[in-house]
Ligand SMILES: Nc1ncnc2c1ncn2[C@@H]1O[C@H](COP(=O)(O)OP(=O)(O)OP(=O)(O)O)[C@@H](O)[C@H]1O
Ligand SMILES: [Mg+2]
């Protein structure tokens, strides 16, 4: 591995980290219960329509690797690159030992055009995606990790990396405070709750707010919205943008929308997302809702293990995307009612343990009085449990007293 490497600009990154694999998983009691009582929750429309899928899936992946004429060099051992730096650095994958023209071509054709994408992908997945040998993939991934100095690091370096994390405001200061300042880049955040609790409204608001400056609670970028329930409404974006005094035409242009017609299509869209992220300066990825198609397509106990395997891989790919691009990935999820609950809230998030462990931050939404809604912090690695009240107004998500 050469210590000094030439840097190359990321003209267009088309990482393609996802591939569907069937994975066995032990099914626990909760999952059986979920299947049995799945009708209790709100299930989005399960209509399967293949129109448009072929077009989406055959979109050609472009990859480019223009040479940077500048003689800029860096010493990869000098210091651990921060997440922000990882975003802009793009070492030439041909610098990796044993990676020649043919291997580079295979990697790029499968969408692996940056070292970061290779380093964060399991070798087995790289093997499936690129039709390369097992040993070759292990070596490539290992070399990419060494080149980026990914491995053990001291906590002060982790702390430095955490400082590069950005947050997008939900529109409500109370909810922002509850979740540590807003939805966090590099993390997977899940909002789950019953129908009409404001999940979709928050997703719309985030699409508007991401476009603001960092000082105003945004990330100066666009949003990628994957809609599985056909509930995205540009009218709401217009109302929310007007509410913030923003030019709604510009705001609409900065939201890239895709309707996912079934779970396969949803997985394909996420595989194609890195190309869109690079082309459209995307700083936020949303899936509303992540579970709808999986719940309606995998019916019966016999399919549960397969469903959880596919869902698990899908969620891992989303999480990895958040880390590679240092952007927030936000998903919504439904609830099912547990009829055997004697005390307390009978609602439970769907998706079983696979979803419970996937998100970095989990927020439960409940109805309050009138237009008020309650957000409850369920799980976060660094935040206390707590609740916040917010309101859904015509001009967007607000604090109750606004
Ligand atoms: N223009 C508007 N002005 C005020 N409130 C609105 C407006 N549009 C929607 N709402 C509120 O948002 C609610 C719908 O919330 P939302 O669509 O986010 O629900 P959800 O949690 O996504 O539900 P589901 O599980 O059915 O997808 C409406 O019932 C209404 O209270
Ligand atoms: Mg919704």
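In our numbering, the protein residues as written are 53 to 454. For every residue, glycine included, the Cβ atom is placed at its ideal position computed from N, Cα and C.
- Between residue 177 and the set 193, 168, 165, 167, the nearest pair of CA atoms involves 193.
- Residue 231 and residue 435 have their C-alpha atoms spaced approximately 7 Å apart.
- Counting only runs of 3+ residues, the beta strand (DSSP E) found wholly inside the stretch 348-421 occupies 381-385, 387-389, 399-401, 413-419, in chain order.
- Its Cα nearest to that of residue 258, the residue 235 stands out among 235, 265, 279, 248.
- Here the alpha carbon of residue 251 sits roughly 9 Å from the alpha carbon of residue 341.
- Comparing alpha carbon positions, the residue from 209, 409, 323, 273 closest to residue 304 is 273.
- Remark: C-beta atoms of residue 328 and residue 276 approach each other more closely than 7 Å.
- Straight-line measurement puts the Cα of residue 156 at about 53 Å from the Cα of residue 398.
- Between the C-alpha atoms of residue 359 and residue 346 there is a straight-line separation of about 7 Å.
- Taking residue 189 as reference, the option from 224, 207, 150 with the minimal CA-CA separation is 150.
- The beta strand (DSSP E) runs lying completely inside the stretch 231-257 and spanning 3 residues or more are 240-245, given in chain order.
- In this structure, the C-beta of residue 454 stays at least 6 Å away from each heavy atom of ligand 1.
- For residue 186, the uninterrupted alpha helix (DSSP H) segment begins and ends at 186-199.
- Near ligand 2, meaning a Cβ closer than 7 Å to any of its heavy atoms, lie the following residues in chain order: 251, 252, 281, 283, 340, 341, 384.
- Taking C-alpha positions only, residue 334 is separated from residue 438 by approximately 31 Å.
- Annotation for residue 248 indicates a beta carbon within 6 Å of some heavy atom of ligand 1.
- Residue pairing by DSSP places residue 445 opposite 448 in a beta bridge.
- Counted as a single uninterrupted DSSP element, the alpha helix (DSSP H) harbouring residue 214 occupies residues 207-215.
- The C-alpha of residue 199 lies about 33 Å from the C-alpha of residue 263.
- If you draw a straight line from the Cα of residue 203 to the Cα of residue 212, it is about 15 Å long.
- Here the distance from the Cβ of residue 217 to the nearest heavy atom of ligand 1 is not below 6 Å.
- Contact between residue 278 and residue 318 holds, since their C-beta atoms are separated by about 7 Å, short of 8 Å.
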